[in-house]
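Working notes for the structure below.
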Amino acid sequence: MNSSPLSAFLIGVVSGMRAMAGPALISQKLSTQTPNPLFDSSLSFIASPKTANVLKVLAGGELIGDKVPHGPDRISPPQLIARLASGATCGAALSEARGASVRVGALLGATGALAGAFTFFHLRRYLNHEQDIPDPLLAVIEDAITYGAGWQAVK
């Protein structure tokens, strides 16, 4: 496993790119671990197989929704708040599961989400508008980066 601070930040970046990706990946990983690393935690629901299944469906819906033109920007206030909450929750859960500080994990996760949301929003916009790379292609590439980085964070 990666170091807890780096992993918390990275899962935050992933959550900034796709709000449901981080929770789905963490839940899937933790739901397969015995004993439950979040057993006595207020975040124990994340390690539930039922939660993992629900989050996978939501993450799949988000992947489809991202390909629809004229959706809300990830840096608009409601979208950004959701990504910050996702990053903070993911950072906290990952840190707690690894025996690290939950507060530091939450802060790093939220910071990563902020960085990921703005960086990838502007990068995708630049590549689409200035380099004429089709947005659907960029979306698929971003999905691959999201899930590749996410698996690195949770492994």
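Once you know that position 53 of the sequence shown is 53 in the UniProt record's numbering, the rest is easy, because the numbers rise by one and skip nothing.
Here a beta-carbon is modelled for each residue, glycine too, at the ideal position from N, C-alpha and C.
Quick caveat: nothing in here was measured; it's all calculated off a predicted structure.
Are the beta-carbon atoms of residue i and residue j separated by less than 8 Å?
i, j, result
"G99", "A8", "no"
"G12", "G112", "yes"
"A52", "N36", "no"
"E96", "S27", "no"
"L43", "A93", "yes"
Use the C-beta contact count for residue i: other C-beta atoms within 10 angstroms, 16 or more gives buried, fewer gives exposed.
i, result
"L123", "exposed"
"P69", "exposed"
"F39", "exposed"
"F120", "buried"
Skipping 5 residues on each side, what residues in its chain have a beta carbon closer than 6 Å to that of residue i?
i, result
"K29", "V154"
"A59", "M20, A21, A24"
"D135", "N128"
Once you ignore the five residues that flank residue i on each side, which residues in its own chain have a CB closer than 8 Å to its CB?
i, result
"A88", "G12, A106, L107, G109, A110, A113"
"L63", "R18, D143"
"G116", "G12, V13, V14, S15, G16, M17, R83, G87"
Are there any heavy atoms of the ligand HEM lying less than 7 Å away from the beta-carbon of residue i, as far as the coordinates show?
i, result
"N36", "For the structure depicted, the ligand HEM is absent and the ligand set is empty, with no information on it obtainable."
(message) Quick check on the DSSP output: what are the complete alpha helix (DSSP H) runs of length 4 or more inside the stretch 33-99, in order along the chain?
(response) 49-66, 77-97, all fully within the stretch 33-99.
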